[in-house]
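Encoded as structure tokens, the structure appears first; notes follow it.
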Amino acid sequence: MIRKFIAIGAAAVAASGLVAAQMDFSEVEIKTTKVADGVYMLEGAGGNIGLSTGADGAFVIDDQFAPLSDKITAAIAAVTDDKVEFLLNTHWHFDHTGGNEAFGKSGAHIVAHDNVRKRLKEGMERDDGLPNSPPAPADALPVITFSKTISFHWNGQHIKVRHPEKAHTDGDAVIVFKDANVVHMGDIFFNGSYPFIDLPSGGDVDGYIAAQESVLAEIDNDTKIIPGHGPLADKADLQRAADMLKEARARVQALVDDGKDANAAVAADPLADLNEEWGKGFINGERFVRILHASLSAE
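Following the working numbering, the numbering of the sequence shown begins with 490 at its first residue and continues without gaps.
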């Protein structure tokens, strides 16, 4: 129960180091799943981790919460004896970057979008009810940043990384393992639940939809998708999530067009028939309506 709460609840957002320190991670176990030859998905608490192994060394995508660094390191060591050479952050939230300091101190080269370094370095005071995030220590900051795309030729893989404009945040990255036919989407994909679109961090519902559609356009039915949260997925899972999001957006847009404010939109309960399936994670139906309303009203 504790593991489920951490993984789906507060860990699904930009929890601060203080909040992480107050959580009990003692019962969290790191589950490793082979996705393709040399590519793995690690689940624990917070965002799903990607791992590439091979002759060049370990390449890791995201690192969950700081207190889990030893467990994550042990899980990686169970797969490969090689040290972590590169650590790529899909965005800045602390359930995806909390282990940066530990991996940075151990010699990993941290890579992320320009805005990830900026937000980690400056921290963030929030006005949406979520906990503030203090500035990250120097060892946790990305040392390699990019604005649009970056590529790695590593472990026999062509790893293509691109930044979609304003999706979950303003610093997201989609990582494509071309040869393995695997994609890590970070929090641009919550498999099986309403997504968290972090508007104060530059997120946008239309950008989120566009990012999902861009991935759908380049993958096939055999592609394996590592979502930011939720189980390992495929194209059909992503299509269902994208279709749900577009339907939810249309319903809330109609209320915005009708002049209803956020409270009136919530009272209209436009997602009533979707909540049973999609609203049981961190983002329930009411909160998702408020996120959509705020994003659409800002346009």
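Even for Gly, the Cβ is constructed at its ideal location relative to N, Cα and C.
Same chain, Cβ closer than 6 Å to residue i, five either side skipped, listed in chain order
i	result
I715	M530, N537, G539, H673
A597	V573, L576
I639	V650
S595	none
G774	L760, N764, G768
T521	Y529, L531, A564
A700	P653, A656, I677
K749	none
D571	G546, A547
S558	G588, A591
N-terminal and C-terminal residue of the beta strand (DSSP E) that residue i is part of
i	result
A525	520-525
K649	646-651
A601	598-602
E574	573-577
T634	633-635
Opening and closing residue of the alpha helix (DSSP H) in which residue i lies
i	result
E583	It is worth fixing the name first, because residue 583 is Phe in this sequence and not Glu. Note, F583: alpha helix (DSSP H), 583-586.
F592	589-594
T658	It is not in any alpha helix (DSSP H) - T658 carries neither H nor E in the DSSP assignment.
T562	558-566
E614	No alpha helix (DSSP H) contains E614, which DSSP labels as neither H nor E.
D763	Note that residue 763 corresponds to Leu in the displayed sequence, not to Asp. Unbroken alpha helix (DSSP H) run through L763: 761-767.
Helix, strand or coil at residue i according to DSSP, with G and I counted as helix
i	result
F548	strand
G533	coil
N773	coil
S640	strand
L540	strand
F514	coil
V605	helix
V665	strand
V778	helix
A500	Reliability of the predicted coordinates at A500 is poor, the pLDDT of 42 falling under 50, and the value obtained from them is presented with this limitation in mind. If DSSP states are grouped into helix, strand and coil, A500 belongs with the helices.
8 Å contact criterion, which residue i and residue j should meet: CB distance rounded
i	j	result
A629	T579	Contact flag wrong, Cβ pair sits at about 15 Å.
R745	V778	Per the sequence shown, the amino acid found at residue 745 is Val instead of Arg. About 11 Å; that fails the 8 Å criterion.
A601	G696	The Cβ separation is near 18 Å, so there is no contact.
G533	I561	7 Å
H657	G675	7 Å
I648	F666	6 Å
D726	N644	Actually they do not touch by this definition, with Cβ atoms about 26 Å apart.
V568	T542	6 Å
I698	A731	7 Å
L734	P684	7 Å
8 Å CB neighbourhood of residue i in its chain, flanking five on each side removed
i	result
D603	T634, F635, S636, G660
D709	N670, K724
P689	M613, R615, D616, D617
L507	Since pLDDT at L507 reaches only 46, below the 50 mark, its modelled position is unreliable, and the value read off the structure follows with that caveat. These residues qualify, in order along the chain: P620, P623.
T712	N670, V671, V672, D723, K724
Neighbourhood of residue i by C-beta, 7 Å cutoff - its chain only, sequence neighbours within 5 removed
i	result
Q728	L705
L609	W581, T586, A625, A629, L630
I550	I538, G539, L577, T579, I664, H673
V605	N578, H580, W581, P631, G660
S786	V745
L781	V694, A737, R738, V741
beta-carbon residue i near the ligand MN non-hydrogen atom, thresh 6 Å
i	result
A597	In the structure shown, the ligand MN is absent, as is every other ligand, since no ligand is present at all.
Can you check the segment 723-757 for any alpha helix (DSSP H) of at least 4 residues that lies completely inside it and give the ranges in chain order? 724-746, 751-757
Going residue by residue through the segment 671-719, where are the continuous alpha helix (DSSP H) segments of at least 4 residues, counting only ones entirely within it? 694-707
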